[in-house]
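So the sequences go chain by chain: A and B.
Numbering of the first sequence is given in the numbering used here, commencing with residue 1 and proceeding in unit increments.
Numbering of the second sequence is given in the numbering used here, commencing with residue 1001 and proceeding in unit increments.
Note that beta-carbon positions come from the ideal geometry of N, C-alpha and C, so glycine has one too.
Here the structure is a predicted model, which is why all the values come from computation and not from measurement.
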Amino acid sequence: MAYVLAQNPTAANGGGSNSISKAFASTVTAHSLLVAFITTDATAPGTFTATGGGTWASIAAIKEPASTQWLCILYCLDATGGTAPTVQVSWTGAGTFNGLVIAEFTNSGVASFLDTNTAGTTGNSTTPTDSAMTATDVDAVVSWTLAGAGTNQPTVGAGFTFGTNQDTTDLAAWEYKILSGAGSVTPVFAISASVPWGIISAAFAPAGAATVAPMAPAQPGRTWLKYFKHRQKLALTDASSPAAQTLTPVGITTNEVFGATAVSNVVQPLGITTGEVLGTSSVTSSYTISLSAINTFEQFGDVVVSATVAAIGIPSAEQFGTTAVTQIVSAQGITTAERFGTDVVTLTVSGVGITTGEAFGDVNVQTVTSILPQGITTGEVFGNTTITPGSVTLSPQGIPTGEVFGDVIVSVGASSVTPTGINTGEQLGSVTITTSTTLQPAAITTGALFGAVALTQTVAAVGITTAERFGDATVQTVVSIQTVGITSSEMFGDTTLTPGSVTVTTVGITTGEVLGTPSVQVGASAVNPQGVTSGERLGTTTITVGSVTLSPTGIRSEERFGVTTLSGQGLQQTLTVLGIVTAELFGNLNARYGSAQVNNSTQVAVVNSSTQAEAVSFSMQTPVI
Amino acid sequence: MTTHTLTINSTTLPVGVTTLGPVNVGSNSHAGISIDRTIVGGLNSVSASSAILVLIQTSVDGVTWKDLCGATWPGGVIVTGHGQINTSSVDTGDVDPAVTKVKVIATVTGPASIAIAGTITVT
């Protein structure tokens, strides 16, 4: 019992087809093994199927990469027989180059089973060689090869019998080998030039052949013959097909897709805690101008104007922390060569400010301004004059007797103090001007918040939806967010300090001397007292003058009034008081026992008294001199 | 051995079965049919749900016909690793020298008719 190649029609070729049929030229024997060899360059042919002459099955196809031709072997293990069937092999999608070869192997009317087959092999050489197969019986081994390039048809390999070429276009051919028993077999072809190739093979064994134990005739006769016949019958009827196999491919079937891949992001901007706000920024500046004891050739002392801007919050030189966004997408599984669909990764980073709550550090703005009035160079000296803005007290001291003040004019508002005639040696007192300035930088208002920082990212992996797992694939995306605005290491910008204007205009220095050009520079503000020229004015000084007390002490001692006594009744005396030149009033004049008359140039007063004890009061006023 | 060619002018095959030929032949060994898919109304212009199933048959006596080979040509533009398919064909050897006639049974499946133009060649 051995396989015999019964018929092997010429190949049929069908360009632009997704099925080819080929008819056997002769009637097929029942239980024969029918084999079909198919090739196509259809992109994704899927599973090859066949009809005609019985039930067909196939082994897994293989693709020769250079020509993109698929190779597959289909088989009918137990042909119906009795006709010359037309075998039609079909697949998915049409191919440009398609070829079909069919063959019939008979084996004494015994059906077959697929003993073993290869997964197919591809290579590039002159000897297309498949993997070794281990046959279990007197198998019919068939092999199907295709040259992926060149013009040379494959020819039979060692130990095999040539079947047919598919055609001159696809350069495919098949061969077979009938084994005499179990053993290993390695299909091989030959090509005259080294080219890419693919090869796939199968071995078919007679059904039940391996399960029939040889039976030696123990006893001749009817019993033995009957038993022998029975065993043969058993053998023939035991031509069962191999059990159905279940193929569980590990991995991902083509066209399957992943489900949705979820990616979540965590943005952790470091440094500023959400919700915190800037503290209160305030700038307080104070100015002090102290004039003291300006003597001849002396100058104003140092005038110190200092301004301090203390913005509460972020200390100077502090930086924002680093904002880092790290995203890791770990799609599990994909190790196969399958392709994903289109992966769309959309990443949107919306930095809308900073919502964190750390306070700004301290911002120190310090301005030091000096006022250096220059140039009182006269020999004149100021007296001790104290000028207090809001309240000015002039306390001239030491005016010798007999000296007089000149006109003293003190006015408030566009005020001027014009002391006249302060003799040399007199000094002005101290002049103190105090100005208070508050600066509130309007940049970051207390309580204001930065906006929110939002990061939205969507990773839409299109593709595999099955539960199948790909190998390990890791998609890692690292995203950095750099908040715009206050760049790390940057500080606040310039703080503008604008103190109120300060103008000092000293009025009334009557000498020809001039002050120099003192200047007060505070931020963008300048205090430039100008114009103390010979004319002699300082700038406009706002001086509020309080009460002024003058205490002249110039009435000489010898000019004091004594006690005037009139005595002697009937006497008329004339009392002439000297030296009172003002319009002052006298006190009372007492007259006893008589009358008294007081004459002056314009008035006569007579006092009559009847008794000594009587006191008659009268008054008189001296004329104004 | 004489080459016999039947030119199929552009014709529209309705849904169903249409017989092309027969072609009188003799002492030939090879037969085939090839059509242009790109003509107006041809295979490239119809959907993939449409197809033409062709079957080449031979006869010795003109009465009894025997299958030789066949193919299914799907509609639609098809691109393979070798480019777009613009021709569909099927051919084979094994023609009995005694064969005197060759014909093609074309069966159109799908929603609409399909135009074809080509040749049946027996050599």
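- Scanning B:LEU1013, B:MET1001, B:ALA1098 and B:THR1092 for the CA closest to the CA of B:GLY1042 turns up B:LEU1013.
- The segment 79-93 of chain A makes no contact with the segment 1058-1065 of chain B, as fewer than three CB pairs between them are under 8 Å.
- The segment 162-175 of chain A and the segment 113-124 of chain A do not touch, with fewer than 3 CB-CB distances between them shorter than 8 Å.
- Proximity of the segment 192-203 of chain A to the segment 141-153 of chain A meets the contact definition, three or more beta-carbon pairs being nearer than 8 Å.
- Checking the DSSP bridge columns, you'll see A:GLN69 partnered with A:GLU64.
- Shown here for A:ASN13: same chain residues with a beta carbon closer than 6 Å to its own, the five before and five after excluded, namely GLY99 and ASP167 in chain order.
- Per DSSP, reduced to three states, the secondary structure at B:ASN1009 is strand.
- In this structure, the straight-line span from the alpha carbon of B:SER1088 to that of A:PHE97 is close to 10 Å.
- DSSP, reduced to helix, strand and coil, places A:LEU5 within a strand of the structure shown.
- Contact check for B:HIS1030 against B:THR1100 fails: the beta carbons are separated by 7 Å or more.
- With a cutoff of 7 Å on beta-carbon distance, A:ALA193 and A:GLY123 are scored as not near each other.
- Apart from the 5 residues on each side of it in sequence, B:ASN1086 sits with its Cβ closer than 8 Å to the Cβ of ASP1036, ARG1037, THR1038 and ASN1044 in its chain, given in chain order.
- With its beta carbon less than 7 Å from one in chain A, B:PRO1074 belongs to the interface.
- Residue burial is scored here from C-beta neighbours: A:SER108 has fewer than 16 other C-beta atoms within 10 angstroms and is therefore classed as exposed.
- Put simply, the segment 1001-1019 of chain B touches the segment 1115-1122 of chain B. At least three CB pairs are less than 8 Å apart.
- For B:ILE1039, the nearest beta carbon of chain A is not closer than 7 Å to its own beta carbon.
- With contacts defined as CB atoms closer than 7 Å, A:ALA140 and A:PHE105 qualify as a contacting pair.
- In this structure, the CA atom of A:THR155 is about 32 Å from the CA atom of B:VAL1102.
- Between B:ASP1067 and A:GLY120, the alpha-carbon positions lie close to 32 Å from each other.
- Across the segment 1054-1073 of chain B, CB contacts with chain A closer than 8 Å involve LEU1055, LYS1066, ASP1067, LEU1068, CYS1069, GLY1070, ALA1071, THR1072 and TRP1073, in sequence order along the chain.
- A straight line joining the alpha-carbon of A:PHE204 with that of A:ASN165 spans about 21 Å.
- Excluding five sequence positions before and after A:ALA103, the CB atoms of its chain that fall closer than 6 Å to its own CB belong to ASN8 and VAL35, given in chain order.
- For B:GLY1021, the enclosing beta strand (DSSP E) starts and ends at 1016-1024.
- Taking the beta carbon of B:ASP1094 as reference, the chain A residues within 7 Å of it are PRO9, THR10 and ALA25, listed in sequence order.
- In the DSSP assignment, A:ASP115 falls within the beta strand (DSSP E) that extends over 112-117.
- Taking 7 Å as the cut-off, the Cβ atoms of A:ALA6 and B:ILE1078 do not count as close.
- Restricted to the segment 171-197 of chain A, not a single alpha helix (DSSP H) segment is unbroken, complete and at least 4 residues in length.
- Neighbours of B:THR1080 across chain A, judged by C-beta separation under 9 Å: THR40, ASP41, ALA42, THR43, THR68, GLY93, ALA94, GLY95, THR96 and PHE97.
- Beta-bridge analysis with DSSP links A:ASN165 to A:ALA173.
- DSSP places B:SER1045 within a helical segment (H, G or I) once states are collapsed to three.
- For A:THR126, the closest of A:ALA158, A:THR136 and A:ALA132 by C-alpha to C-alpha distance is A:ALA158.
- Per the DSSP secondary-structure output, A:ASN98 pairs in a beta bridge with A:THR40.
- Rounded to the nearest whole angstrom, the CA to CA distance from A:ALA190 to B:PRO1111 is 48 Å.
- By alpha-carbon distance to A:THR39, the top candidate from A:THR92, A:TRP56, A:SER32 and A:ALA111 is A:THR92.
- Of all residues in the segment 1014-1032 of chain B, the ones placed with a Cβ closer than 9 Å to any Cβ belonging to chain A are SER1029, HIS1030 and GLY1032, in chain order.
- Around the CB of B:VAL1040, fewer than 16 other CB atoms lie within 10 Å, so the residue is classed as exposed.
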